[in-house]
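The numbering of the sequence shown is the UniProt record's numbering, which starts it at 1 and goes up by one. Backbone N, C-alpha and C define an ideal beta-carbon position, used for all residues, glycine too. This report concerns only the one structure given below.
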Amino acid sequence: MAEVEGELRDTRAAITDERLMIEHLIKELAEGHDNFRQAEIDRDKHYADLEKELEDITNDVQKQQNECRAENDKIQGQCNIMEAEISALANKNEREMANFQRECKVLKNLTKAIADLEKTDIEETKNWANQLEAAKMKYRDMRSLFEGAYEQKKQEIADEELRKQAEEAAAREAENPSPKKGGKKGGKSGRKKSPKKGAGSKLTKGKSATESATTSKKSLQPPTSSAPSATTSKKDLSPTIDVPPAIESKEEGKDEIKEENADGDENASPQAPAPAIKEPSSPKKSKNPPRRGKRAKK
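If you want it as structure tokens, here you go:
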């Protein structure tokens with residue numbers, strides 16, 4: 001009986017434990033149902049949140065895509081513009097290269113032409129220098145000819161003046177013959193007094209002859225000529241010619257001879273006029289006459 005009672009107690013304890021377990025399981029089941037319902041609610045809420053977030057993300061993505069498309073279109077437009085500019089620059093570069101090559105050819109031709117012109121200029125300069133020297137030589141020759149002709153003409157005029165003066169003196173003596181004095185004494189006294197008279201006439205006639213010679217020299221003075229070139233010195237190109245003093249001394253000597261002859265013939269009978277004293281003609285013009293300031297003294 002004790003064993004049965006022990007088993008009964010054990011069975012009762014097991015049933016109690018089973019009941020407690022059932023209650024606990026029912027309680028856990030109720031809690032599980034509550035948790036399930038809460039989980040469904042949370043699921044629906046989270047699902048709505050996810051949908052909303054997905055929609056926001058989709059909107060953002062769409063917006064970003066639109067912005068990217070706009071940016072892409074803008075960049076594409078800039079790329080097109082850059083490609084057009086690159087094409088234009090390439091065309092311009094080709095044109096500039098063509099122009100540069102053409103200008104290089106022109107420059108090469110010009111350089112060659114300049115070298116040829118410089119060579120031609122040097123040759124022409126030499127030719128002009130030779131022509132200038134020839135012109136200078138010709139000018140010197142013409143000047144020497146002119147000086148010789150001037151000297152010859154001046155000598156001819158001086159001789160003509162002397163001849164005219166001699167003829168005038170002879171004509172005056174023929175018109176006014178001096179009275180004869182009788183005897184040798186009278187002749188001697190007349191001859192002794194004649195030098196005094198001749199001295200005064202010598203002075204007056206010498207002055208007149210000198211003045212006439214000076215006037216003829218001034219009239220025969222050659223005109224001033226322009227220099228043939230700027231390099232020719234003034235000394236070589238001055239056309240003025242110094243009259244040598246020998247000509248004046250010759251003219252004065254001729255006047256003195258005429259006066260002495262006139263004084264010596266005062267007591268003589270009037271005869272035909274004395275022939276004019278002619279000086280020897282000047283020598284022919286030389287090709288190289290002496291320069292001014294370097295003339296040989298005669």
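Cα separation between residue i and residue j?
{"i": "S51", "j": "L29", "result": "Reading off the sequence shown, one finds Glu at residue 51, where the question assumed Ser. So the alpha carbons of these two residues sit roughly 32 Å apart."}
{"i": "K87", "j": "M97", "result": "What sits at residue 87 in the sequence shown is Ser, not Lys. Roughly 15 Å between the two C-alpha positions."}
{"i": "A90", "j": "Q78", "result": "18 Å"}
{"i": "K119", "j": "K126", "result": "11 Å"}
{"i": "E3", "j": "I22", "result": "28 Å"}
{"i": "N80", "j": "F100", "result": "29 Å"}
{"i": "K74", "j": "V106", "result": "47 Å"}
{"i": "E147", "j": "K154", "result": "10 Å"}
{"i": "N130", "j": "R143", "result": "20 Å"}
{"i": "R69", "j": "K63", "result": "10 Å"}
{"i": "R172", "j": "L162", "result": "15 Å"}
{"i": "I122", "j": "A134", "result": "18 Å"}
{"i": "K45", "j": "I26", "result": "28 Å"}
{"i": "residue 373", "j": "H24", "result": "The question about residue 373 has no answer, for the chain in this structure spans 1 to 298."}
{"i": "I57", "j": "D17", "result": "56 Å"}
{"i": "G32", "j": "Y47", "result": "21 Å"}
{"i": "Q38", "j": "I15", "result": "34 Å"}
{"i": "E67", "j": "E53", "result": "20 Å"}
{"i": "L110", "j": "R102", "result": "12 Å"}
{"i": "D42", "j": "V61", "result": "27 Å"}
{"i": "K136", "j": "L117", "result": "27 Å"}
{"i": "K108", "j": "Q76", "result": "47 Å"}
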